[in-house]
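Some notes on the structure that comes next.
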Amino acid sequence: MDEMKIAVLGGDGVGKSALIVRFLTRRFIGEYASSTECIYRKCVSVDGRQINLELYDPCSQACEGKPVLNDQIHWADGFILVYDITDRSSFRTAKAIVHQIRELHRGSAKRDIDLHIFLVGNKQDLCHMREVQHEEGQRLAAEFHCQFYELSVAEHYQEVALIFSKMVQNANLNSKARERRRRPSGSKSMAKLINNVFGKRRKSV
Ligand SMILES: Nc1nc2c(ncn2[C@@H]2O[C@H](COP(=O)(O)OP(=O)(O)OP(=O)(O)O)[C@@H](O)[C@H]2O)c(=O)[nH]1
Ligand SMILES: [Mg+2]
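This note's numbering runs 8 ahead of the 1-based position in the sequence shown.
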């Protein structure tokens, strides 16, 4: 795998853009409204492998003609579903989206393990205004086979970076596992090699 497409989705104002911008620039840029949808690109190195990341950020609330979610779902290899822990409606939105992703991929060639979905509860720094409990996020993630994180984009860069590197690492491991399944196993091909070498030698003696 040399490239990976990640869509950052969720309700309005949950911190989708802030998350991406934080990852790209290390800085927290509080007000980052975009009137169009954007795809950002970044090259990362994971386990000695260069990977071109494409990050999809949907346009802000005010944007007219919002793109159809189905298109984004088909486009992406991985999803970061963000909700705001101080806003229960954003949790419901995240749930609806994860449901839609799983439904759309049900009959498709991509199997569940090939689909990387991370559920992220943002704005942990505002936990005094919390409306969604940590356990609720955990339960939803378990139900839909997602990884779950709670964080504050505003306060912590490291946790944001970790999410992206985990996602790329997972995809990398999956593609390696697939390659292994396609090729004959290492020990078998080694046995064949030894056989060929020594078999020929025995004949020539
Ligand atoms: N306290 C706090 N505020 C945050 C955090 N992350 C984002 N925000 C704020 O939440 C608001 C929305 O952030 P955005 O990044 O624009 O969210 P978005 O999901 O891209 O929003 P839309 O594109 O308009 O749907 C901004 O005012 C940010 O400053 C966080 O971790 N903590
Ligand atoms: Mg935005």
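All C-beta atoms, glycine included, are put in the ideal place defined by N, C-alpha and C. Note that the structure is a prediction, hence the values are computed from the model and not measured.
Exposed or buried, alanine 84, counting other C-beta atoms within 10 Å across all chains shown (16 or more means buried)?
Flag for alanine 84 reads buried.
Is any heavy atom of ligand 2 found at a distance shorter than 7 Å from the C-beta of serine 160?
False, no ligand heavy atom lies under 7 Å from that Cβ.
Does ligand 2 have even one heavy atom less than 7 Å from the beta-carbon of lysine 4?
This structure leaves residue 4 out entirely; the chain is present only between 9 and 213.
Around the C-beta of threonine 2, are 16 or more other C-beta atoms found within 10 angstroms, so that it is buried, or is it exposed?
Outside the displayed range of the chain (9 to 213) lies residue 2, so it cannot be described from this structure.
Taking the alpha carbon of arginine 131 as the point to measure from, which residue in Lys13, Glu11, Leu27 has its own alpha carbon closest?
This sequence places lysine at residue 131; arginine is not what is there. Closest by alpha carbon: Leu27.
Whole angstroms are fine: how far does the CA of tyrosine 165 sit from the CA of phenylalanine 172?
When rounded, the distance between both Cα atoms is 11 Å.
Is valine 161 helix, strand or coil when you go by DSSP?
Coil, per DSSP.
What does DSSP give as the partner residues of lysine 13 in its beta bridges?
Its beta-bridge partners are Glu62.
Give a yes or no on whether the C-beta atoms belonging to glutamate 39 and aspartate 65 are separated by under 8 Å.
Contact flag unset, no.
Return the Cβ separation of valine 140 and phenylalanine 99 in integer angstroms, given the expectation that the two are a contact with Cβ distance under 8 Å.
The Cβ separation is near 5 Å, so the contact holds.
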